[in-house]
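Colleague:
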Ligand code: BYC
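Numbering (my numbering), first residue to last: 35 to 344.
(1) What does the alpha-carbon distance come out to for the pair residue 126 and residue 298?
(2) Find out if the Cβ-Cβ distance for the pair residue 162, residue 226 is shorter than 8 Å.
(3) In the DSSP assignment, find the alpha helix (DSSP H) that holds residue 191 and state where it starts and stops.
(4) Could you please give the first and the last residue of the uninterrupted alpha helix (DSSP H) stretch that includes residue 328?
(5) State the CB to CB distance for the pair residue 230 and residue 168, rounded to an integer number of angstroms; the pair is presumed to be in contact (CB under 8 Å).
(6) Beta-carbon separation of residue 235 and residue 265 under 8 Å?
(7) May I ask you to check if the CB of residue 50 is nearer than 7 Å to at least one heavy atom of ligand 1?
(8) Report all residues from its chain with a CB closer than 8 Å to the CB of residue 180; omit the five preceding and five following residues, and keep chain order.
(9) Look up residue 296 in the DSSP assignment and say whether it is helix, strand or coil.
(10) Could you tell me whether any non-hydrogen atom of ligand 1 is closer than 7 Å to the CB of residue 117?
(11) Does the beta-carbon distance from residue 186 to residue 62 come in below 8 Å?
(12) Per DSSP, which residues does residue 289 bridge with? Please list them.
(13) Which whole-angstrom value is the C-beta distance of residue 170 and residue 202, which I expect to be below 8 Å?
(14) Return the residue from the list 256, 119 and 324 that minimises the CA-CA distance to residue 138.
(15) With H, G and I counted as helix, E and B as strand and the rest as coil, what does DSSP make of residue 54?
(16) List the DSSP bridge partners of residue 60.
(17) Can you check which of these residues, 222, 58 and 217, is closest to residue 157 by C-alpha distance?
(18) Closest to residue 320 by CA distance: which of 117, 47, 338 and 93 is it?
(19) Report yes if the C-beta distance between residue 270 and residue 296 is below 8 Å; otherwise report no.
(20) Assuming residue 82 is part of the alpha helix (DSSP H), what are its boundary residues?
(21) Are the CB atoms of residue 284 and residue 250 nearer to each other than 8 Å?
(22) Are there 16 or more other CB atoms within 10 angstroms of the CB of residue 160, so buried, or fewer, so exposed?
(23) Taking the Cβ atom as the reference point for each residue, do residue 237 and residue 281 lie within a distance shorter than 8 Å?
(24) Is residue 75 near ligand 1 - that is, is its Cβ less than 7 Å away from at least one heavy atom of it?
(25) So for residue 93, helix, strand or coil by DSSP?
(26) Give every residue of the same chain whose Cβ lies closer than 8 Å to the Cβ of residue 60, excluding the five residues on either side of it in the sequence, and list them in chain order.
(27) Measure how close the beta-carbons of residue 82 and residue 123 come, nearest whole angstrom, since I'm counting them as under 8 Å.
(28) Beta-carbon separation of residue 166 and residue 205 under 8 Å?
(29) Note down, in chain order, each residue of its chain lying with its Cβ closer than 6 Å to the Cβ of residue 309, except the 5 sequence neighbours on either side.
(30) Suppose you measure from the CA of residue 140 to the CA of residue 291; what does that come to, to the nearest Å?
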């Protein structure tokens, strides 16, 4: 006769904490506290939504790319972002929530996505600024998330980071080329930097002291570095990149210190919370677009299920 071994909740929690403390990954079938599961469901699905909503500002420029080369590169980049969404939704689904549910939460405004995608992409230089700054900020965060404690999230991050570093260079190349061009092109590049700098810094979230999710995220090693640490890393590495090609960071308080870091102005937090809470320049447009095309794609999903593809 098989002997049933009953493990108490205290023992399960102890085993879970030991795994976290010894840098072992938590896997989908492992026991985990409900709060840990819910924290991951929230963060990973929001991360997936960011990738997918993030395709919109760039998708707007595919037909207007200035050369066949730049069009092909932009298409490939946007396709990668759809793929990142797929890895992340798949990682989130291992926690027991369906893809349909995630999409419903997005459409109802219950789930968030990165605030930066609620700003409009007005010129071709914005494709440069998005790749260089938005992907650059994303990589800074995602490199640290490769060491997150949840196995499927961590593995998705490894692959995503490889692709994001290509995206960041694609954006920087556009900015570099424009800075070598005419005065109008240089002004266009500077204008794009002026508009995307602050929204990119906002991607890292509120200051550590105002970040309600950070305590658990750090305790359970879901996040490996704090919002402010990552933001400072991004600022310190991006300013020299701007200077190298003749761009000026739109911050009058910037001051290089002896240790190579910068003193800088603070973010406009009123604007940050307004955009996060649904009242940015393009929040409505982004969601309406997603809802419209999700509904129009219903027949594709049905056909895929019927033919056994899904
Ligand atoms: N935007 O306690 P906090 C890409 C929310 S796409 C919106 O610090 P946490 C790309 C936060 O969710 C990849 N919401 O939270 C694609 C929380 O609200 P809830 C982009 C924000 O989770 C196309 C509340 O504010 N990367 O690379 O510890 C083209 C309090 O915040 C934001 C990701 O999505 C924000 N900026 O830390 C180009 C990163 N900041 O959930 C590129 C994945 C904060 O309690 N996510 N909130 O209602 C993360 O790393 C973390 O969730 C955050 C926030 C750093 C964003």
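Even glycine gets a Cβ: it sits at the ideal position worked out from N, Cα and C. None of the values given here were measured: they were computed from a predicted structure.
Modeller: With the given structure in hand:
(1) 36 Å
(2) yes
(3) 185–213
(4) Taken as a continuous stretch (DSSP letters only), the alpha helix (DSSP H) holding residue 328 covers 317–330.
(5) Indeed they touch by this definition, with Cβ atoms about 7 Å apart.
(6) yes
(7) no
(8) So the qualifying residues of the chain are 188, 191, 192 and 195.
(9) strand
(10) no
(11) Going by C-beta atoms, residue 186 is nearer than 8 Å to residue 62.
(12) 297
(13) About 5 Å separates the two Cβ atoms, so the contact holds.
(14) Considering only alpha carbons, the answer is 324.
(15) helix
(16) DSSP lists 184 as partners of residue 60.
(17) 222
(18) 93
(19) yes
(20) 68–87
(21) no
(22) buried
(23) no
(24) Outside the cutoff, so no.
(25) Helix at residue 93.
(26) 50, 53, 54, 66, 70, 183, 184 and 185
(27) 5 Å
(28) yes
(29) 149 and 152
(30) 42 Å
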